[in-house]
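Since the structure comes first, as structure tokens, the remarks are kept for the end.
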Amino acid sequence: AMGCTIRSQLGLDLGATCDELGNLVVDAHQRTVVPGLYAAGDVVNEINQIAVAFGHASIAATDMHNYLDDTKC
Ligand SMILES: Cc1cc2nc3c(=O)[nH]c(=O)nc-3n(C[C@H](O)[C@H](O)[C@H](O)COP(=O)(O)OP(=O)(O)OC[C@H]3O[C@@H](n4cnc5c(N)ncnc54)[C@H](O)[C@@H]3O)c2cc1C
1337 AMGCTIRSQL GLDLGATCDE LGNLVVDAHQ RTVVPGLYAA GDVVNEINQI
1387 AVAFGHASIA ATDMHNYLDD TKC
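Heads up: take any position in the sequence shown, counting from 1, add 1336, and you land on my numbering.
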């Protein structure tokens, strides 16, 4: 929630990067710098609201679908 400590350590341990506040850095498709690792919701920005997390998840899910298609997994 707003004002709470960002708990992004799991993502960082996996190789993702964060900004100075600890938010995981993602591109427009919610992708971190680690191939196949996505981040969404409170862990990526300061707009800590449910609708934002849902929106991020939708974007990420669409890209995951395309990613899996591309890799034929
Ligand atoms: C008291 C309160 C009131 C709020 N009121 C509103 C409101 O009225 N409207 C609104 O839009 N938003 C509200 N929010 C904010 C909203 O709850 C968040 O923005 C939303 O839940 C973010 O979703 P998320 O999936 O990003 O994170 P979360 O819902 O926090 O989900 C993250 C999940 O990851 C799990 N997790 C964390 N670390 C690990 C780990 N290492 N391994 C495995 N699991 C892990 C956690 O247990 C948790 O279940 C409120 C928040 C709080 C705390």
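Every residue, glycine too, gets a C-beta built ideally from N, C-alpha and C. None of these values were measured; they are calculated from a predicted model.
For GLY1372, the closest of LEU1404, GLY1339, ALA1337 by C-alpha to C-alpha distance is LEU1404. Around MET1338, the same chain offers ASN1384 as residues with beta carbons nearer than 6 Å, after the five sequence neighbours per side are excluded. The Cβ neighbour count for THR1368, taken over all protein chains shown within 10 Å, is at least 16; the residue is labelled buried. Judged by DSSP in its simplified three-state form, LEU1357 adopts coil rather than helix or strand. Counting every other CB atom within 10 Å of its CB across the protein chains shown gives ALA1396 a total of 16 or more, marking it as buried. Bridge pairing for TYR1374: ARG1367 [DSSP]. Bounds of the alpha helix (DSSP H) holding GLN1345 are 1345-1349.
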